[in-house]
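J.: Dumping the structure here so I can ask a few things about it.
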Amino acid sequence: MFEIFHDINWVLIGALIIVSALVSWAGDIIGMKLGKKRITFLKLRPRYTSRIISVFTGVGIALATIFTLSVASEQVRTALFSMQVIQRQLLSTREELKKNEETIGRMEIDLFQSRGDLSEKEEELRSVERQLEEGTKNLAETRAKLSAMTAMRDKTRAEQAVLQKENEKLLSESKKLEASIGSLKKEAEALKSGLQRLREGRIAAFSDEILAQAVITGTPITEAQVGEYIERLRREARALLAYRFGIRDAERIMLPEVTEDSIIAVRSILTRNPGRWLMRLTALGNAVAGEAVSAQIETHRSSLVYSEGKTLYTHTFEPGTPRQEIEETVFRALRSLNQKAAGDGVMRDPLTGNVGSTDTGEFIAVLDSIEQTKEALSLEIVTERDIYSEGPLRVKCTLKKP
43 MFEIFHDINW VLIGALIIVS ALVSWAGDII GMKLGKKRIT FLKLRPRYTS
93 RIISVFTGVG IALATIFTLS VASEQVRTAL FSMQVIQRQL LSTREELKKN
143 EETIGRMEID LFQSRGDLSE KEEELRSVER QLEEGTKNLA ETRAKLSAMT
193 AMRDKTRAEQ AVLQKENEKL LSESKKLEAS IGSLKKEAEA LKSGLQRLRE
243 GRIAAFSDEI LAQAVITGTP ITEAQVGEYI ERLRREARAL LAYRFGIRDA
293 ERIMLPEVTE DSIIAVRSIL TRNPGRWLMR LTALGNAVAG EAVSAQIETH
343 RSSLVYSEGK TLYTHTFEPG TPRQEIEETV FRALRSLNQK AAGDGVMRDP
393 LTGNVGSTDT GEFIAVLDSI EQTKEALSLE IVTERDIYSE GPLRVKCTLK
443 KP
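With positions in the sequence shown counted from 1, the corresponding number in my numbering is that position plus 42.
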């Protein structure tokens, strides 16, 4: 209830009261002075003069009130001085509103009609689209049939020409076959002879076997260095073959014959790309003692894969674990390490598919220690040294308390 008093403009009301009081006070003073002096206005009696002054005082109060309200409120100024304009604007606005309402009504009617027309057009469009889809499908089928018939016609014509050429070709090939039969017989005899030598002799090298490998570095790598390394690998391969047959004098073994194409390819790669590279000499096929081994030289980029002492696998064994379970767990770990190392960049042996090995005696000792332990032991498989791309992966097994 008392909240309404908070919204009243007490300042304006106070200003009106003060202004009215001042005007009344001024009028009273003027009237008293004029009355005492018996001054008349327009030759009227003093009593009437006093009344006229009272009238002027009231008019002054009204004017002061109007002035104060006009100064204090924009709405009052508008109501006093622009009421007719506002009324005319309001009347005009109402007429425009009425016209707009009529326009909206007509637009709603048009919209309703348009929606009906739109639905009809959409239905017509769907019908046309279905017809178009059927027509497109029929056109595609017709084109496919036409294409098939055209292809069949062309094929028939081509087959005619091919048959004629085949006839001539068969006649020519029959003559070539007669000539090649003799050549095949000679090759068969040579293969039989080679197979007999393989059966009678000892295998010097297997196909894809690594005969020797080395790492070459330099910035840049010269052709002379490449040639020296290739000769070095050939000598190392010869020493391997001599050791394999128990021959002390390696000079008695023929140097491997390296294909010229592989030498050119390796020389081109190494002389254009300085850095650390692996050069590997591998056998191209099986060879027996007494004949030169055919080989090829290949190169691969070499980079550090594992640092020395890197832990590759850990597993905790509880006391009393059966020997078979221990062996299976460790063997699975080694197999997974083989795959992991190959995935990380260690190159496999092309003959065996492995990336490295571990010391057998150490391996057996670790298995025995795990089997005999009375407390839990943690098996760690770590690298023995820095491992590069060329491998091999050398690891050692250590046992620790978890």
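Built from N, CA and C at the ideal position, the CB exists for glycine as well.
Bear in mind that the values here come from a model prediction, so they are computed numbers and not experimental data.
1) Please go through the same chain and pick out, in chain order, the residues whose beta-carbon is closer than 8 Å to the beta-carbon of S304, but skip the five residues on each side of it.
2) Taking only the alpha-carbon atoms, compute the straight-line gap between V424 and L379 and give it to the nearest angstrom.
3) As a quick exercise: from G288, E299 and G147, pick the residue whose alpha carbon is nearest that of R277.
4) Quick check: the stretch 351-363 against the stretch 374-388, are at least 3 beta-carbon pairs closer than 8 Å?
5) When the Cα atoms are used, what is the spatial distance from K179 to A190?
6) By DSSP, does A13 sit in helix, in strand, or in coil?
7) Taking the Cβ atom as the reference point for each residue, do Q255 and M321 lie within a distance shorter than 8 Å?
8) Tell me, please, which residues DSSP counts as bridged to S420.
9) Cα-Cα, which of L409, S344, F248 and N396 is closest to E370?
10) Would L441 pass as a contact of S411 if the rule is Cβ separation under 8 Å?
11) Compute the Euclidean distance between the alpha carbons of I146 and L132, then round it to the nearest angstrom.
12) Mapping the DSSP letters down to three states, classify G317 as helix, strand or coil.
13) When you compare each of R199, E201 and V437 to E350 by their alpha carbons, which one comes out closest?
14) Along the chain, where does the beta strand (DSSP E) containing E340 start, and where does it finish?
15) What are the partner residues of R322, as DSSP defines its beta bridges?
16) Assuming V257 contacts S344 (C-beta within less than 8 Å), just tell me the rounded distance between them.
17) Nearest-angstrom Cα distance between E183 and K197?
18) Can you tell me the Cα-Cα spacing of Q155 and V170, whole angstroms?
19) Got a sec, what are the start and stop residues for the beta strand (DSSP E) L409 sits in?
20) Kindly identify the DSSP beta-bridge partner or partners of S399.
21) Identify, in the order they occur along the chain, each residue of the same chain with its Cβ nearer than 7 Å to the Cβ of E251, setting aside the five sequence neighbours on each side.
22) Do you know how far the Cα of G387 is from the Cα of T261?
23) From this set, I245, K217 and I60, which residue's C-alpha is nearest K335's C-alpha?
T.: Let's see:
1) Q338, I339 and E340
2) 11 Å
3) E299
4) yes
5) 16 Å
6) The shown model of the chain, from 43 to 444, leaves out residue 13, and the question about it has no answer.
7) yes
8) T358 and K442
9) L409
10) yes
11) 20 Å
12) strand
13) V437
14) S336 to R343
15) Q255 and E340
16) 6 Å
17) 20 Å
18) 22 Å
19) It is not in any beta strand (DSSP E) - L409 instead sits in the alpha helix (DSSP H) that spans T402 to Q414.
20) R436
21) T324, A325 and L393
22) 23 Å
23) Position check: residue 335 holds Val in this sequence, whereas Lys was assumed. Of I245, K217 and I60, the residue nearest in Cα terms is I245.
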